[in-house]
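As C-alpha cells, the structure follows; a few thoughts come after it.
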Amino acid sequence: MTRKQQQFLAQKGISKPSITNGLALSNIGLGTYLGDATEEHDTGYIQAIQKSVMLGCNLIDTAINYRGQRSELNVSKALQQIFANSDITRDELVIATKGGFTPSDWRSGRIGRDARQDMKDFYQYSVAPILGKDATGNERINFIEADFIEWAFNQSLHNLSLAKINIYYLHNPEMSLETLGEDTFYTELEKTFYFLESQVKAGKLGIYGFATWSGFLADESEANYLNLEKVLETAKHAGGDNHSFKVIQLPYNQAKTEASDKLNQNGHSILDAAKANNLTVFTNVSLNQGKDFDRFTPESMINFLIEDERIDCALIGMKDPNKVERNLKQIL
Numbered sequence: 001m002t003r004k005q006q007q008f009l010a011q012k013g014i015s016k017p018s019i020t021n022g023l024a025l026s027n028i029g030l031g032t033y034l035g036d037a038t039e040e041h042d043t044g045y046i047q048a049i050q051k052s053v054m055l056g057c058n059l060i061d062t063a064i065n066y067r068g069q070r071s072e073l074n075v076s077k078a079l080q081q082i083f084a085n086s087d088i089t090r091d092e093l094v095i096a097t098k099g100g101f102t103p104s105d106w107r108s109g110r111i112g113r114d115a116r117q118d119m120k121d122f123y124q125y126s127v128a129p130i131l132g133k134d135a136t137g138n139e140r141i142n143f144i145e146a147d148f149i150e151w152a153f154n155q156s157l158h159n160l161s162l163a164k165i166n167i168y169y170l171h172n173p174e175m176s177l178e179t180l181g182e183d184t185f186y187t188e189l190e191k192t193f194y195f196l197e198s199q200v201k202a203g204k205l206g207i208y209g210f211a212t213w214s215g216f217l218a219d220e221s222e223a224n225y226l227n228l229e230k231v232l233e234t235a236k237h238a239g240g241d242n243h244s245f246k247v248i249q250l251p252y253n254q255a256k257t258e259a260s261d262k263l264n265q266n267g268h269s270i271l272d273a274a275k276a277n278n279l280t281v282f283t284n285v286s287l288n289q290g291k292d293f294d295r296f297t298p299e300s301m302i303n304f305l306i307e308d309e310r311i312d313c314a315l316i317g318m319k320d321p322n323k324v325e326r327n328l329k330q331i332l
C-alpha cells in the first residue's frame with residue numbers, strides 16, 4: 001500500500017511526502033470538522049475533497065460525530081465520485097476517522113436545539129439498546145469502552161462505505177479519563193486496544209491511536225493528563241511489542257505551541273516523545289481556525305508545520321473548494 005501511495009504522490013508532484021508506519025502521506029491533509037448540517041456545506045466538502053485529492057492530497061480526516069455523521073457520509077460520496085471519474089484507487093488514499101464521542105444523527109437534517117442533548121439522546125435511545133445498556137439519566141458524551149468503540153467503528157465503516165479504515169483514533173479520550181478515573185480508564189482502555197488489534201488482524205484497520213485536545217498538553221497533576229509512556233505500555237499489553245498504536249493527533253500551530261514547549265512527558269515535550277517512540281504525528285487546528293491571521297499569514301502557518309520534521313501531516317479544514325489550492329500550494 002505504501003508503494004501505491006508513494007506513486008500517487010509522485011505523480012501529483014508531491015516531492016517530499018511523509019513515509020511513516022506503513023503510510024505515505026501528503027504533508028497536508030483535509031479535515032472535515034467545521035460546518036453546519038446543510039446541503040450547502042455537504043456540497044462544499046464533497047467538492048473540496050475531490051479537488052484536494054486530484055491535486056495530490058491523499059489524507060482525509062473525519063469523525064463519526066462531525067456534523068452529526070454527515071461528514072463521514074460526505075467523505076463516502078466524494079470517494080465514490082473520485083473512483084468513478086478518475087483512475088485513482090482506494091489503495092492510494094489514507095482515510096482516518098475517530099470514535100469516542102456519541103454522535104448526533106443529523107443525516108436526515110433533523111437537528112435539535114441543543115447539540116449536547118442530541119448526543120445524549122442518541123446514546124440513550126439508539127446506541128445503548130444495541131449495547132444492552134440502560135442509559136436513563138446518562139450525562140456522558142464520551143466513551144472509550146470497548147463495546148461503544150466496536151459499535152462506533154462498525155458504524156463508521158458503514159457511513160464511509162469502506163472495507164478498511166487506515167487510521168482510527170480514540171477521540172479526546174482525556175474526557176473519559178476525567179470521568180472514569182485513572183485506574184478504571186486504563187483497565188477499559190486495554191480492552192478497547194484488544195478490540196482494535198483484532199480489527200487490524202482482520203484487515204479492517206491499519207493503525208490506531210489517540211486524537212486529543214488537552215490530554216497530552218495538560219499538567220501531570222491534572223485529571224485529564226495523558227502520559228504517552230503509560231498509553232504505550234497499555235498498547236503493549238494488548239498487542240505485544242508489535243502493537244498497532246502508531247499515531248497521535250493534537251493541536252499545534254504557529255500561535256499554539258505547547259506541544260513543543262511544554263515538557264510534560266517525563267521531561268520531554270509530547271512532540272519529542274512521540275517521535276522518540278516512532279509515532280506518526282498529525283496536527284489539528286493547524287491554522288487555529290483563522291483566529292491569528294492578523295499576526296500570521298495562512299502560508300506562514302502552513303510552512304511552520306510542514307518544515308517541522310516531527311510533524312507528518314498538518315490537517316486543514318476545507319469545506320470551501322475555492323480555498324483548496326491556496327492551502328495546498330506549499331506542497332505542490
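In the UniProt record's numbering, the protein residues as written are 1 to 332. Backbone N, C-alpha and C fix where the C-beta goes; we use that ideal spot for every residue, glycine too.
Counterpart residues of residue i in DSSP-defined beta bridges
{"i": "SER18", "result": "LEU25"}
{"i": "HIS243", "result": "For HIS243, which the question treats as bridged, DSSP gives no partner whatsoever."}
{"i": "CYS313", "result": "PHE282"}
{"i": "ASN142", "result": "PHE101"}
{"i": "GLN265", "result": "HIS268"}
{"i": "LEU59", "result": "VAL94"}
{"i": "GLY31", "result": "ASP61 and GLY317"}
{"i": "PRO298", "result": "Paired residues: none, contrary to the question."}
{"i": "ILE248", "result": "PHE210 and VAL281"}
8 Å Cβ cutoff met for residue i and residue j
{"i": "ALA238", "j": "PHE193", "result": "yes"}
{"i": "LYS201", "j": "ASP91", "result": "no"}
{"i": "ALA259", "j": "PHE296", "result": "no"}
{"i": "GLY68", "j": "SER104", "result": "yes"}
{"i": "ILE64", "j": "GLN199", "result": "no"}
{"i": "ILE144", "j": "LEU189", "result": "yes"}
{"i": "VAL324", "j": "SER52", "result": "yes"}
{"i": "VAL231", "j": "ILE167", "result": "no"}
{"i": "LEU23", "j": "THR97", "result": "no"}
{"i": "SER286", "j": "ALA314", "result": "yes"}
{"i": "LYS319", "j": "ALA48", "result": "yes"}
{"i": "ASN85", "j": "ASP42", "result": "no"}
{"i": "GLU178", "j": "ALA223", "result": "yes"}
{"i": "ASN58", "j": "LEU79", "result": "no"}
{"i": "LEU305", "j": "THR283", "result": "yes"}
{"i": "GLY56", "j": "LYS16", "result": "no"}
{"i": "GLN50", "j": "ILE19", "result": "no"}
{"i": "GLY44", "j": "PRO321", "result": "yes"}
{"i": "VAL281", "j": "ALA273", "result": "no"}
{"i": "THR89", "j": "TYR123", "result": "no"}
Supposed close pair residue i, residue j - CB separation, criterion 8 Å
{"i": "ILE248", "j": "LEU279", "result": "6 Å"}
{"i": "ILE207", "j": "LYS164", "result": "Rounded, the Cβ-Cβ distance is 11 Å, inconsistent with contact."}
{"i": "ILE14", "j": "ILE331", "result": "6 Å"}
{"i": "TRP106", "j": "ARG140", "result": "Between ARG140 and TRP106 the Cβ distance is about 20 Å, and since that is not below 8 Å, they are no contact."}
{"i": "ALA135", "j": "ALA146", "result": "In fact, because the Cβ distance is near 17 Å, the residues do not count as touching under 8 Å."}
{"i": "TYR186", "j": "THR234", "result": "6 Å"}
{"i": "ASN172", "j": "GLY100", "result": "6 Å"}
{"i": "residue 341", "j": "ASN253", "result": "The structure shown does not extend to residue 341, since the chain is modelled only from 1 through 332, so no value can be given for it."}
{"i": "LEU226", "j": "GLU182", "result": "At roughly 10 Å, the Cβ-Cβ gap does not stay under 8 Å, so LEU226 and GLU182 are not in contact."}
{"i": "LEU157", "j": "LYS204", "result": "7 Å"}
Distance cut-off 7 Å: residue i Cβ against heavy atoms of the ligand NAP
{"i": "PHE245", "result": "This structure simply doesn't include the ligand NAP, nor any ligand for that matter."}
The stretch 23 to 33 in contact with the stretch 213 to 228 per 3-pair CB rule at 8 Å: No, because fewer than three Cβ pairs between the stretch 23 to 33 and the stretch 213 to 228 fall closer than 8 Å, the two stretches do not touch.
3 or more residues per run - each beta strand (DSSP E) lying fully within the stretch 144 to 216: Unbroken beta strand (DSSP E) runs of no fewer than 3 residues, entirely contained in the stretch 144 to 216, are found at 165 to 171 and 205 to 211, following chain order.
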